[in-house]
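Note that our numbering numbers the sequence shown so that position 9 is 9, with each residue one more than the last.
Every residue, glycine too, gets a C-beta built ideally from N, C-alpha and C.
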Amino acid sequence: MDNDITRYLKILLPITIGVIGLLGFYLIIYYIFPVAVDIVYVILGALSPFILAVILAILVDPIVKFFVLKIKLPRSLSVIISLMLIFGIIILLLIMLSSHLIIELKELSDVLSNLSNDFMNLGWKIVQDVRAFISNNPLPVDVRKAIEENISGIIESVKSFLGASSEWLISFLAKLPIIITIALVSFVATYFISKDKDNIYNFFIKMIPIEWIKPLNKIIGTMTSALFGFLRAQAILISVTTILTIIGLSILGLDYSFSVGVLTGIFDLIPILGPGAIFIPWAIWNLIVGKTKFAIALIILYAIIVIIRQMIEPKVLSHSIGLHPLATLMAIFIGLRLLGVIGLFVGPIILLLIKTFIEINQKGEI
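As structure tokens, this is what we get:
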């Protein structure tokens with residue numbers, strides 16, 4: 001009897017542990033994890049100016065070191081000069097780009113105005129044609145009702161889109177004071193973080209056990225290199241998208257290829273949108289108005305940009321942050337599936353942290 005009970009316990013115990021483990025995993029994924037993500041988002045939102053300031057301080061540090069070590073300027077003055085230099089270069093680049101963009105954007109605005117008129121005329125013509133067809137060819141009540149419902153649905157969709165656009169614009173304008181405040185706080189915080197870098201570093205080091213200092217320094221160094229590498233990789237990818245767009249549209253004979261190329265590069269920064277937000281509607285519109293060859297050319301150009309970008313992205317990221325292309329591709333995909341758009345950036349960072357911890361552990365530093 002005791003042997004039977006023991007035998008059953010040996011079978012039931014692993015099953016029970018497995019069921020409890022699966023239940024716990026389910027609760028964590030579907031209940032605890034979303035709450036934890038929301039909490040992290042709130043914390044990151046509150047700390048966003050200072051996180052941005054830390055990133056800016058890291059980026060500006062090589063220039064500050066140059067002024068301190070080579071020119072022998074005080075660190076506080078070096079930080080001010082470095083920040084002014086960086087922002088001055090950014091403003092200069094914007095002015096240089098703007099001078100070219102303004103000319104093309106004027107031409108583009110005229111084209112968009114004509115397109116808007118063409119769209120309204122086309123829409124009105126379609127409505128008139130449908131009405132004429134219905135009046136000349138009496139349709140069954142159900143078919144007529146379905147057509148009217150579809151037309152009403154299209155009109156409501158346009159109204160909803162316009163309403164959503166207006167709401168987005170109002171929301172953006174309402175957030176402008178917050179955005180300006182975050183920018184100002186980040187700028188001031190960058191100055192203090194960069195100026196007192198050594199004091200801040202020593203303050204935190206004193207709170208850390210001595211045996212943790214070496215591995216922690218390695219982690220910080222790895223993440224700093226990864227940050228620079230990631231920014232460099234994104235700059236390369238966006239530049240590739242912009243240049244390919246400008247070259248492709250120039251070959252197609254478009255007068256405002258530079259403006260559209262820059263706009264495509266900006267859209268490439270937004271994973272949800274990307275270049276497709278420009279090329280796909282543009283191609284569809286040209287198909288509607290009968291410019292089939294140009295529409296096909298746009299689709300081919302978009303396909304070329306997407307294929308080249310997808311081919312080089314894992315390689316560029318892996319080279320920049322020190323991960324294998326396959327591992328980088330897996331991290332990007334898994335991050336996207338688990339965390340959405342933000343996972344595209346978080347996935348490789350988490351993988352890099354894991355890689356760093358494994359290397360430290362293999363060397364016996366932890």
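Give the range of the alpha helix (DSSP H) segment to which residue i is assigned.
| i | result |
| --- | --- |
| PRO281 | 276 to 288 |
| PRO74 | Taken as a continuous stretch (DSSP letters only), PRO74 belongs to no alpha helix (DSSP H), as it is neither H nor E. |
| PRO215 | 210 to 251 |
| ASP198 | 197 to 205 |
| LEU336 | 325 to 339 |
For residue i versus residue j, is the C-beta spacing smaller than 8 Å?
| i | j | result |
| --- | --- | --- |
| LEU269 | VAL260 | no |
| ALA235 | ILE321 | no |
| LEU73 | THR190 | no |
| LEU336 | LEU344 | yes |
| PHE348 | LEU317 | The sequence given here places Pro at residue 348; Phe does not occur at that position. It is a contact, given that the beta carbons lie within the stated cut-off. |
| ILE58 | THR224 | yes |
| LEU298 | PHE267 | no |
| ILE89 | VAL60 | no |
| LEU52 | SER239 | no |
| VAL64 | VAL79 | yes |
| ILE246 | PHE228 | no |
Where residue i and residue j are concerned, what is the direct C-alpha to C-alpha distance, given to the nearest angstrom?
| i | j | result |
| --- | --- | --- |
| LEU326 | ALA233 | 16 Å |
| PHE192 | ILE304 | 46 Å |
| PHE230 | TYR201 | 24 Å |
| LYS293 | TYR256 | 19 Å |
| PRO177 | PRO215 | 41 Å |
| ALA146 | ASP129 | 16 Å |
| LEU23 | ILE332 | 28 Å |
| VAL35 | GLY45 | 15 Å |
| SER171 | ILE213 | 45 Å |
| ILE210 | ASP198 | 17 Å |
| ILE71 | ILE81 | 12 Å |
| GLU359 | LEU351 | 12 Å |
Using DSSP with H/G/I as helix, E/B as strand and the rest coil, what is residue i?
| i | result |
| --- | --- |
| TYR41 | helix |
| LYS291 | coil |
| ASP129 | helix |
| GLY322 | coil |
| LYS70 | coil |
| LEU269 | coil |
| ASP255 | coil |
Round the Cβ separation of residue i and residue j to the nearest angstrom and send it over; I've been treating them as touching at under 8 Å.
| i | j | result |
| --- | --- | --- |
| THR356 | ILE219 | 6 Å |
| VAL262 | THR242 | 6 Å |
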